[in-house]
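Working notes for the structure below.
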Amino acid sequence: MISGEIIKTIEKLTIDASRVNRYLSYPRKVPIWKLTFSLPKECVLFRDEDNSDIAIEIENMRGFAIVPALSEKESLRRLKGLIPLIELEDKILRL
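Here it is, written out as structure tokens:
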């Protein structure tokens, strides 16, 4: 079982992406998606090597993430793997 880290979403939290070259070996350029979401006051963050290329910024129970993924659906699935309790607030944008 993977354990996560409890975070308080009222306070500002910025997590930069590491391993940003993860998708460079793919045969084509991988799209980047921006997802805007809301969160409860406390939630659990499951950060591991599979989602270390996702950048997030959270403050006042709202946030956004920059997610490399092959599709819009995959970007949401990957973000929910990192923070399961997110609720999307807007359309997912391809950058």
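Remember, my numbering sits 746 above the position in the sequence shown when you count from 1.
Note that CB positions come from ideal geometry on N, CA and C, so glycine has one too.
These numbers come from a predicted model, not from an experiment.
Taking the Cβ atoms as the reference, F810 lies roughly 6 Å from E803, within the contact range of under 8 Å. If you draw a straight line from the Cα of V813 to the Cα of I756, it is about 22 Å long. When DSSP reads this structure, G827 sits in no beta bridge, so it has no partner. In the three-state DSSP reduction, E805 falls in the strand class (E or B). The DSSP-derived three-state label of K775 is coil.
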